[in-house]
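Working notes, beginning with the structure itself.
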Amino acid sequence: MKLYDYILSGNCYKIRLFLSFLDINYETVPVDYYPGREHRFPDFLEINPLGQLPVLVDDEVKLRDAQAILIYLASKYDTSGRWYPRNPEAMGKIAMWLSFAGTEIMNSSNARLHDMLAYDLDADKARANAHAAFRILDDHLVEVGFAGQEWIAGTQPSIADVACFPYVALSRDGGIEHDDYPAIQSWLTRIQSLPRFIDMPGIHFMK
Amino acid sequence: MSINFNKYHWFAFYASQQIMPAEIRARSMWNTDIAVWREENGSIHAWKNRCPHRGMRLSYGFIRGSQLVCLYHGWNYEGATAQCSYIPAQPNLKGPKTACVRDFACFEKHGLVWISTVAEAEKEPDFSDFGEAEQTIHFCRSIFVNESPGLVGEILKTSIFIPYGNDLADGAKLKIETSQAEHHQTGANYQAIWQSGRDKKKKTELTCQTEVRNNAILVNHYKDDQGNEGSLIFALLPIDDKKTGVHVLFSGDFSSQSLTSAKRHYAKWAKRMRWSIENRNLQTDSFNPWI
Ligand SMILES: N[C@@H](CCC(=O)N[C@@H](CS)C(=O)NCC(=O)O)C(=O)O
Ligand code: FES
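Order-wise, the sequence lines are chains R and V.
In this text, residue positions in the first sequence follow this note's numbering: the first is 897, and each later residue adds one.
In this text, residue positions in the second sequence follow this note's numbering: the first is 9, and each later residue adds one.
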């Protein structure tokens, strides 16, 4: 299995983190995203015409989009079935939060790209949108927490937690603090305390 | 009685249950960035959130035993003294005396961490009239409203509250029988008749009184004609002139199942309250965050 990867990418980290949770061996193909912009050149565009990381290649299967890759990996390799439970309610809820991770939470990534890599983006708008998204996630965690639910889509961690985690955890790189979101903070700590958790620059181990 | 956001007072800063041993959290109070953290043994500290070395937010760091370790260059600060005790780059040097974090008085009560940024406020506030002493006070949630503390306090002080246990289904009706004109001095003081949404014949009569205690705590005490009694409590935190924290708590007798429902009830209200304060321009006068 091959992961086209960039170390500072939160989307690539979603996959590295999940592969670690599943304890699966794989090979990384580092892509010179910055400053080389290798992902915008024809060799990489053949792999993903959108010019985005990550991409996963597993035998004949080639997939782009971190959320799609999480579904594939959980469906194929998670023998416990807990990361992507096959029941309609769980699947619907997980899809809902995977989509949230790929859209609303990406505002946090945009603010970070602006601040760290000087991308030409409206950073203030990205920050405001990210705060709106974090508020929704915090409210959700508060409310499910009343009945003892500690994870986004159920009583067990799922790929929805993996997909939402990186750009919430990395948001401070883009000037988005977590101070107003105590339920998010406790949830981040729970993820960082899971067995086989791995770090990346900007996201550290708990101990 | 008015709400008094005097800097010389204590404010409810954080929910105790949201800071576990060896955890560190932060937010502002009166524009001052404050880190609040627990030693591994559970003792709590509130410090200015700024490393004396190069100004890094201490809340980005981590806890080792009784020490807070700054994320940037790893300087260690001892919980009890707030004094630098170890510098990794100079292991043989004792931490310089001047490398000392500003610490604030803090203590825990009613599930909240209370802080004062002023040294003279060494005396703890009097909580004897906080709620019904014999009843447990339950924490619902902390919620942040993007409006000034003064405005949030005024709106909450004069708001009408519907305690948990009343039927909020569609079609429910609230009729305020009496409400005092001098509202703004005294807080809300009213009798409400609550008509159930499901069973139109069922009416509940409530007597409510909102009071300001310890300057920035609003206590709404209610009694209904079924003999239920309790309090809804909002402990306000002035964050800066554009943001206010509201810690929502309540007291009363609840089974564990109804406690969960009561938390949901008050959390739902809290979100609607936040919306109604932040979107005042979109509302009609009849907006009631409870329905
Ligand atoms: N929907 C995709 C988005 C992936 C994405 O935006 N990746 C970034 C790196 S973190 C990227 O490659 N951006 C391309 C660019 O900015 O040129 C996913 O979830 O994987
Ligand atoms: S800034 Fe804290 S150790 Fe240097």
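For each residue, glycine too, the CB sits at the ideal point set by N, CA and C.
Alpha helix (DSSP H) segment containing residue i, residue limits
i	result
R:GLY1041	1019–1042
R:GLN1088	1078–1088
V:TYR16	Looking at the DSSP string, V:TYR16 is not in any alpha helix (DSSP H), and its letter there is neither H nor E.
V:ALA278	264–286
V:VAL160	157–165
R:SER1067	Counting along the chain, R:SER1067 falls outside any alpha helix (DSSP H), and DSSP gives it neither H nor E.
8 Å Cβ cutoff, residue i in contact with chain V
i	result
R:PHE1042	yes
R:GLN1052	no
R:PRO1078	yes
R:GLN1081	yes
R:ASP1035	yes
R:GLU1039	yes
R:ASP955	no
R:ASP1069	no
R:THR1085	yes
R:ASP1075	yes
Whole-number beta carbon distance between residue j and residue i, since they are thought to touch under 8 Å
i	j	result
V:VAL109	V:PRO60	6 Å
V:ALA20	V:LEU159	That pair is no contact at about 18 Å.
V:ALA275	R:GLU1039	6 Å
V:VAL227	V:LYS165	So it is not a contact: roughly 11 Å between Cβ atoms.
V:ILE247	V:ARG65	Not confirmed; about 16 Å, so no contact.
V:VAL153	V:VAL254	6 Å
V:SER239	V:PHE258	6 Å
R:SER1004	R:LEU959	Their Cβ separation, rounded to whole angstroms, is 23 Å, which puts R:SER1004 and R:LEU959 out of contact at 8 Å.
Endpoints, the beta strand (DSSP E) within which residue i is located
i	result
V:ALA113	111–117
V:MET37	32–37
R:GLU923	923–926
V:VAL256	251–259
V:GLY238	237–248
V:PHE147	145–153
R:ILE1099	Unbroken run through R:ILE1099: none, as it is neither H nor E.
R:SER916	Where R:SER916 is concerned, there is no enclosing beta strand (DSSP E), although the alpha helix (DSSP H) it sits in stretches over 906–918.
V:THR218	211–221
V:SER24	Per DSSP, V:SER24 belongs to no beta strand (DSSP E) and is neither H nor E.
V:HIS229	225–232
V:ASP207	From DSSP, V:ASP207 is part of no beta strand (DSSP E); its letter is neither H nor E.
R:LEU1092	For clarity, residue 1092 of chain R is Arg in the given sequence; the question names Leu instead. Counting along the chain, R:ARG1092 falls outside any beta strand (DSSP E), and DSSP gives it neither H nor E.
V:SER124	120–124
V:ASP41	40–46
R:LEU899	898–901
CB contact check: residue i to chain R, cutoff 8 Å
i	result
V:LYS271	yes
V:GLN26	yes
V:PHE19	no
V:MET281	no
V:PHE13	no
V:ARG58	no
V:ARG35	yes
V:SER239	no
V:ARG288	no
V:SER263	no
V:THR166	no
V:ARG149	yes
V:THR268	yes
V:PHE152	yes
V:GLU31	yes
V:ALA90	no
V:ALA23	yes
V:ALA275	yes
Heavy atom of ligand 4 within 7 Å of residue i beta-carbon
i	result
V:HIS255	With respect to small molecules bound, the structure shown includes ligand 1 and ligand 2 and not ligand 4.
Just checking, does the segment 1047–1061 of chain R make contact with the segment 905–916 of chain R on the three C-beta pairs under 8 Å criterion?
-> yes
Start-end ranges of the beta strand (DSSP E) lying completely within the segment 940–1006 of chain R, minimum 3 residues = Here the runs fully enclosed are 951–954 and 957–960.
Three or more C-beta pairs closer than 8 Å, one from the segment 47–66 of chain V and one from the segment 264–280 of chain V: is that the case here?
-> no
Hey, is the segment 63–78 of chain V in contact with the segment 87–95 of chain V, meaning 3+ C-beta pairs nearer than 8 Å?
-> yes
Three or more C-beta pairs below 8 Å linking the segment 254–272 of chain V and the segment 144–154 of chain V = A contact exists between the segment 254–272 of chain V and the segment 144–154 of chain V.
Which whole runs of the beta strand (DSSP E) in the segment 54–115 of chain V are 3 residues long or more, in chain order?
-> For the segment 54–115 of chain V, whole beta strand (DSSP E) runs of length 3 or above, ordered along the chain, are 70–72, 75–77, 84–86 and 92–94.
Does the count of Cβ pairs from the segment 1072–1081 of chain R and the segment 1027–1034 of chain R closer than 8 Å reach three?
-> At 8 Å Cβ cutoff, the stretches touch.
Cβ contact check for the segment 1044–1052 of chain R and the segment 982–1002 of chain R: 3 or more pairs under 8 Å | yes
Using 8 Å as the Cβ pair cut-off and three pairs as the minimum, do the segment 1002–1022 of chain R and the segment 1083–1093 of chain R touch?
-> no
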